[in-house]
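Structure first, commentary second.
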Amino acid sequence: MIKINNHINKTIVLVIALTMVFSCKNNFEDVKKIGVSENTPIGVAENMNLKYTDSGRVTANLRSPKMLDFSNRDFPFSEFPNTVEMDLFDENNQKSTITADYAIVYDKTGLIDMQGNVVLISSDKDTLFAEQLYYDQNREWLFTNKPVTFKRKTDVLNGKGFDSDVKFSKAQVLEIDGSVTVNE
Numbered sequence: 295m296i297k298i299n300n301h302i303n304k305t306i307v308l309v310i311a312l313t314m315v316f317s318c319k320n321n322f323e324d325v326k327k328i329g330v331s332e333n334t335p336i337g338v339a340e341n342m343n344l345k346y347t348d349s350g351r352v353t354a355n356l357r358s359p360k361m362l363d364f365s366n367r368d369f370p371f372s373e374f375p376n377t378v379e380m381d382l383f384d385e386n387n388q389k390s391t392i393t394a395d396y397a398i399v400y401d402k403t404g405l406i407d408m409q410g411n412v413v414l415i416s417s418d419k420d421t422l423f424a425e426q427l428y429y430d431q432n433r434e435w436l437f438t439n440k441p442v443t444f445k446r447k448t449d450v451l452n453g454k455g456f457d458s459d460v461k462f463s464k465a466q467v468l469e470i471d472g473s474v475t476v477n478e
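With this note's numbering applied, the sequence shown corresponds to residues 295 to 478, in that order.
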């Protein structure tokens with residue numbers, strides 16, 4: 295009788311031990327995140343000067359006094375809360391410059407979202423004014439669906455959006471709601 299009780303006790307202990315071993319999981323990534331809030335940046339940098347390249351050619355140069363790194367998020371991004379200036383270069387190294395009050399760079403999609411007093415000056419001195427402008431780094435494309443004013447040579451166009459390549463050879467104001475031709 296004692297041998298049977300001992301055998302039953304050993305079996306129960308073995309079952310509990312095996313259950314504990316197989317119920318454990320590798321959650322090292324979760325442990326690393328303890329104490330790190332997703333609402334706070336994982337890093338802060340000052341006086342940023344980021345250069346984006348494609349096949350050895352500089353395609354964009356982004357400068358800002360401050361960058362907040364949120365790469366600890368499931369959808370990582372970098373935030374530029376205190377103004378941003380970005381130069382875009384076409385394949386002929388012609389430079390267009392964009393300034394904005396604020397920007398976010400989304401790492402996974404390659405989109406740069408610039409907001410607040412956005413001014414774009416092309417290499418040909420065409421000028422776009424908008425409250426928001428996106429730059430798709432992968433396609434080298436600029437676009438917005440917010441109201442814009444676009445000055446090109448002697449024309450001033452107002453519309454409800456903008457779409458263009460970085461060379462401005464395919465620039466178009468969407469849903470034009472006013473235009474003016476200035477005689478020089």
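Each residue gets a CB set at the ideal place from its N, CA and C atoms; glycine is no exception.
Here's the rule: buried if 16 or more other CB atoms are within 10 angstroms of the residue's CB, otherwise exposed. What is residue i?
i: Phe369; result: exposed
i: Gly453; result: buried
i: Ile310; result: exposed
i: Ile406; result: buried
I'd like the span of the beta strand (DSSP E) that includes residue i, first residue to last.
i: Val460; result: Premise fails: Val460 is in no beta strand (DSSP E) and is neither H nor E.
i: Glu385; result: No beta strand (DSSP E) contains Glu385, which DSSP labels as neither H nor E.
i: Ile415; result: 405-415
i: Asp449; result: 449-453
i: Asp430; result: 421-430
i: Asp348; result: 337-348
i: Asn355; result: 351-364
i: Phe437; result: 435-438
i: Ala397; result: 396-400
i: Thr443; result: 442-446
i: Glu373; result: 371-374
Cutting at 6 Å between CB atoms, please list the residues of its own chain near residue i, excluding the five before and the five after it.
i: Met342; result: Ser358, Met361
i: Gln388; result: Ser417
i: Tyr400; result: Phe371
i: Ile415; result: Thr391, Thr421
Candidates the options: which alpha carbon is nearest residue i's?
i: Leu356; options: Phe383, Leu468, Phe462; result: Phe383
i: Ala339; options: Asn376, Arg367, Gly350, Ala465; result: Asn376
i: Leu422; options: Glu385, Ile406, Ser390; result: Ser390
i: Thr393; options: Val467, Leu405, Met380; result: Met380
i: Asn432; options: Asn386, Gly404, Lys464; result: Gly404
i: Ser463; options: Lys440, Gly410, Glu385; result: Glu385
How many Å lie between residue i and residue j at the Cα?
i: Thr443; j: Thr353; result: 25 Å
i: Phe374; j: Ile306; result: 59 Å
i: Ala397; j: Val413; result: 13 Å
i: Asn425; j: Asp395; result: The question names Asn, yet the displayed sequence has Glu at residue 425. Computed Cα separation, rounded: 9 Å.
i: Ile470; j: Met408; result: 22 Å
i: Val450; j: Ser349; result: 36 Å
i: Asp363; j: Val378; result: 15 Å
i: Gln466; j: Gly410; result: 21 Å
i: Pro335; j: Arg367; result: 9 Å
i: Thr347; j: Asn439; result: 27 Å
Please go through the same chain and pick out, in chain order, the residues whose beta-carbon is closer than 8 Å to the beta-carbon of residue i, but skip the five residues on each side of it.
i: Trp435; result: Tyr429, Asp457, Ser458, Asp459, Val460
i: Phe437; result: Leu427, Tyr428, Asp430, Gly455, Phe456, Asp457, Ser458
i: Lys507; result: Any question about residue 507 goes unanswered here, given that the chain covers just 295 to 478.
Which residues in the same chain have their Cβ closer than 7 Å to the Cβ of residue i, if we skip the five residues on either side of it in sequence?
i: Lys445; result: Asp420, Thr421
i: Leu468; result: Gly453, Lys454, Gly455, Phe456, Asp457
i: Lys345; result: Val352, Asn355
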